[in-house]
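Here's the structure, in structure tokens; my notes come after.
Pasting the structure below:
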């Protein structure tokens with residue numbers, strides 16, 4: 001399949017994606033912002049939350065499942081608390097608004113929370129974290145998602161594989177950006193095993209009845225296993241409480257699936273906690289961070305060929321490489337995005 | 001060994017532990033507070049962080065490893081940011097001070113962060129979360145710990161099995177309290193397998209060289225595996241950044257082991273982020289929380305004999321049972337605590 005990929009300059013790809021959103025009825029500023037979030041995700045090596053979402057978002061706009069002209073309502077409940085009703089906006093438009101609110105309040109009082117209700121798929125989390133870090137701010141963020149996993153010990157899906165991201169700026173080099181969903185392995189890896197006729201490792205998934213399985217077909221018919229068992233399942237619930245329940249939005253089974261109901265508002269929720277790391281630690285924040293990250297990367301590796309990295313380092317290396325040398329993606333996807341530009 | 005346990009009233013046990021701390025030179029208020037944190041941990045079913053720590057803390061006080069008369073310095077860096085230098089205080093004394101600061105600031109502006117540097121073993125996290133929830137506040141807290149785990153892909157320990165706790169109040173019943181360390185399994189479970197001559201499950205641990213193992217002896221000589229591989233390892237680092245680096249304290253390899261160096265200040269750090277959940281969501285917070293938790297507990301269970309629970313529910317049931325019916329602990333431990341009271 002490698003022959004079917006093309007490499008295109010980042011700016012060009014971003015412009016094509018933005019044009020596609022504009023052609024679908026998205027105002028130009030929102031179109032550019034949405035394209036940029038997805039493009040940065042793609043370049044960081046998160047293609048499942050990258051350019052493939054451009055045609056998907058546009059298909060949902062066409063079905064009335066996303067509101068291109070949202071009237072977002074921002075309610076400051078306290079000096080460091082904001083709630084945003086996103087009016088079914090494009091997820092990145094809602095997410096960037098939440099990020100901006102959280103950063104602005106955190107600059108005033110040191111730390112702040114912004115929660116977004118009635119939103120859509122927010123895209124990859126790492127690009128939001130990267131923006132905060134480039135502003136010198138730490139960020140904790142998360143989103144709920146449509147129901148795919150059972151709570152621990154359960155035999156029916158009641159919660160999403162809700163991702164959590166924790167990021168701290170490193171003024172001297174790549175930032176610390178941990179961006180993780182709650183399953184041991186991504187669904188895409190199980191789909192690949194099915195295609196290749198391979199078994200999946202123990203611990204990745206359970207059958208529809210909750211029994212462990214190494215059969216990818218039974219796994220796809222069943223549920224992804226949460227990392228650490230009850231721990232990952234509990235974290236998925238904690239993220240939903242912060243992202244869904246607290247801002248007054250939908251949670252758990254009330255989140256509609258945009259795959260099954262592409263024309264319905266999914267009612268997704270997100271949260272952003274921004275923290276002024278440098279004001280907190282003071283002038284030696286930068287050297288301390290450098291010291292911390294060097295202790296990690298200087299750890300003797302288990303495999304001498306694979307140096308130890310910290311979260312976000314490989315993603316930011318990929319991003320820098322893609323900004324310089326172009327973004328490689330399936331040729332058919334590029335053509336689809338180009339075609340959507342009208 | 002069950003014959004060697006005794007059951008004692010919670011109040012009596014708390015008073016005995018407090019008397020032991022007073023006899024070791026701890027001021028009476030601090031002694032009562034420290035005893036209470038450990039007692040609540042014991043009653044919640046976390047005996048590794050419960051009464052067994054009373055003689056351990058006192059042994060370290062005797063060796064000069066804990067300061068019974070700390071001059072804690074509190075520095076409000078912003079309306080919602082505080083840093084506390086705990087002056088090597090007893091961990092629960094420092095931790096409760098941090099909790100109080102975070103709660104007070106969060107009541108003013110909605111959310112607040114307190115970080116504690118130069119502290120000791122903070123005890124179990126769940127009792128702090130329980131106090132916040134009883135005050136109607138959500139709490140995210142964590143602590144760093146002495147070095148026991150490698151970063152992902154590493155073959156040498158560089159970080160602690162740093163626990164994270166996320167709690168949200170449930171006004172109508174047991175609160176949501178997720179309290180988790182980052183390893184797949186606790187070290188105690190591997191020690192038990194060794195005693196019983198049993199193999200441990202795949203995925204619990206790696207050897208000293210980083211290779212997977214099911215041999216409990218090789219596991220104890222090696223390292224606990226982090227849940228979700230790079231995810232759990234990354235979370236342990238994120239907790240250390242929030243608990244150690246941000247408050248200006250020690251992190252990673254700078255945390256001294258209180259087992260190997262019981263007379264040295266371990267320089268442990270903790271963080272508390274308090275959030276005014278009810279001010280954020282408004283008057284329907286309680287019903288929404290009830291709804292959320294009922295969706296979880298109403299999930300069809302994989303094993304009909306084991307209903308689905310949410311994080312914190314079994315712990316708070318155990319706590320209520322122990323408050324009513326007494327605390328069961330090893331007879332030898334009770335005698336040791338009694339003896340330490342002078």
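Protein chains in written order, with this note's numbering: chain A, 1 to 342; chain B, 1 to 342. From the three backbone atoms N, C-alpha and C, an ideal C-beta is built for every residue, glycine too. Computed from a prediction, not measured in an experiment: that's the story for all the values here.
- Indicate whether at least one CB of chain A lies closer than 8 angstroms to the CB of residue 61/B. By this cut-off, residue 61/B is not an interface position.
- Query: Looking at the structure shown, is residue 347/B part of a helix, part of a strand, or coil, going by DSSP?
  - Reply: There is simply no residue 347/B to check, as chain B begins at 1 and stops at 342 in what is shown.
- Classify residue 197/A as helix, strand or coil using the three-state DSSP reduction. Residue state, collapsed to three classes: coil.
- Under 8 angstroms between the Cβ atoms of residue 143/B and residue 268/B? Yes.
- Message: Can you give me the C-alpha to C-alpha distance between residue 1/B and residue 330/B, rounded to a whole angstrom?
- Response: Low local confidence applies: a pLDDT of 46 at residue 1/B is under 50, so the model's placement there is unreliable, with the coordinate-based value given in what follows. Approximately 8 angstroms between the Cα atoms of the pair.
- Message: Tell me which residue opens and which closes the beta strand (DSSP E) that residue 343/A is part of.
- Response: Any property of residue 343/A remains undetermined from this structure, which presents chain A solely from 1 to 342.
- Item | chain B contacts made by the stretch 61–77 of chain A, where a contact means CB separation under 8 angstroms | Listed in sequence order: 77.
- Using 8 angstroms as the limit for Cβ to Cβ distance, is residue 316/A near chain B? No Cβ of chain B is located within less than 8 angstroms of the beta carbon of residue 316/A.
- Item | beta strand (DSSP E) runs wholly inside the stretch 250–321 of chain A, at least 3 long, in chain order | Taken in chain order, the complete beta strand (DSSP E) segments of 3 residues or longer contained in the stretch 250–321 of chain A are 268–275.
- Does any residue of chain B bring its CB to less than 8 angstroms from the CB of residue 42/A? Taking Cβ atoms only, chain B never reaches closer than 8 angstroms to residue 42/A, which makes this a no.
- Message: On the criterion of 16 or more Cβ atoms from any shown chain inside 10 Å, does residue 306/B qualify as buried, or is it exposed?
- Response: With fewer than 16 other Cβ atoms within 10 Å, it is exposed.
- Item | Within 9 angstroms of chain A by C-beta, residues of the stretch 268–281 of chain B in sequence order | Those would be 273, 275, 276, 277, 279, 280, 281, in chain order.
- Message: For residue 257/A and residue 66/A, I'd like the C-alpha separation in whole angstroms.
- Response: Going from the Cα of residue 257/A to the Cα of residue 66/A covers about 13 angstroms.
- Buried or exposed for residue 12/A, please, with buried defined as at least 16 other CB atoms from any protein chain shown within 10 angstroms of its CB. Result: exposed.
- Item | residue 49/B beta carbon less than 8 angstroms from that of residue 62/B | At least 8 angstroms separates the beta-carbon of residue 62/B from that of residue 49/B.
- Please list, in chain order, all residues of the same chain as residue 96/B whose beta carbon is under 6 angstroms from its beta carbon, the five residues on each side excluded. Hits under 6 angstroms: 33.
- Boundaries of the beta strand (DSSP E) in which residue 115/A is found, first to last residue: It spans 111–119 - the beta strand (DSSP E) in which residue 115/A sits, taken as one unbroken run.
- Message: Tell me which residue opens and which closes the alpha helix (DSSP H) that residue 38/B is part of.
- Response: Membership of residue 38/B in the alpha helix (DSSP H) is indicated by the continuous run 28–43.
- Identify the continuous beta strand (DSSP E) that holds residue 75/A and give its terminal residues. In the DSSP annotation of this structure, the continuous segment of the beta strand (DSSP E) that includes residue 75/A starts and ends at 73–78.
- Query: Residues of chain B with CB under 8 angstroms from residue 310/A, in chain order?
  - Reply: Going along chain B in sequence order, the residues near residue 310/A (Cβ under 8 angstroms) are 151, 234, 237.
- Indicate the three-state DSSP secondary structure (helix, strand or coil) for residue 51/A in the structure shown. Note: residue 51/A maps to coil in three-state DSSP.
- State the Cα-Cα distance for the pair residue 80/B and residue 213/B, rounded to the nearest angstrom. Linking residue 80/B to residue 213/B through their CA atoms gives a straight-line distance of about 46 angstroms.
- Have a look at residue 23/A and residue 15/A and give me their C-alpha separation to the nearest angstrom. So the two alpha carbons sit approximately 12 angstroms from each other.
- Length of the line joining the Cα atoms of residue 105/B and residue 252/A: The alpha-carbon atoms of residue 105/B and residue 252/A are separated by roughly 31 angstroms.
- Anyone know if the C-beta pair for residue 84/B and residue 56/B falls short of 8 angstroms? Result no, Cβ atoms of residue 84/B and residue 56/B do not sit closer than 8 angstroms.
- Message: Does the stretch 221–236 of chain B come into contact with the stretch 173–188 of chain A, if we say contact requires no fewer than three beta-carbon pairs (one atom in each stretch) closer than 8 angstroms?
- Response: In short, these stretches touch, since the Cβ pair count reaches three.
- Query: Is it true that the CB of residue 54/A sits closer than 8 angstroms to the CB of residue 38/A?
  - Reply: Yes. Within cutoff.
- Item | Status (buried if at least 16 other CB within 10 Å, exposed otherwise) for residue 154/A | Taking a 10 Å sphere around the C-beta of residue 154/A, we find 16 or more other C-beta atoms and assign the residue as buried.
- Message: Strictly by DSSP, which residues pair up with residue 213/B?
- Response: Note: residue 213/B sits in a beta bridge opposite 205/B.
- Neighbouring residues, chain B, relative to residue 188/A (Cβ below 7 angstroms): Contact note: residue 188/A does not reach chain B at a C-beta cutoff of 7 angstroms; the least C-beta distance is about 16 angstroms.
- Where residue 348/B sits in the DSSP three-state scheme: Past the boundaries of the shown model lies residue 348/B; chain B is included only from 1 to 342, so the question cannot be answered.
- If you follow the alpha helix (DSSP H) that residue 345/B is part of, which residue opens it and which one closes it? Given a span of 1 to 342 for chain B in the structure shown, any question on residue 345/B remains unanswerable.
- Message: Which residues of the stretch 208–224 of chain A have a Cβ closer than 9 angstroms to any Cβ of chain B? Give them in chain order.
- Response: Listed in chain order, the positions of the stretch 208–224 of chain A with a beta carbon within less than 9 angstroms of a beta carbon of chain B are 209, 210, 211.
- Mind checking if residue 202/B is an interface residue toward chain A, Cβ cutoff 8 angstroms exclusive? At least one CB of chain A lies nearer than 8 angstroms to the CB of residue 202/B.
- Any chain B beta carbon closer than 8 angstroms to residue 346/A: The structure shown does not extend to residue 346/A, since chain A spans only 1 to 342, so no value can be given for it.
- Measuring CA to CA, which of 193/A, 206/A, 133/A, 224/A is closest to residue 172/A? For the set 193/A, 206/A, 133/A, 224/A, the Cα lying nearest the Cα of residue 172/A is the one of 133/A.
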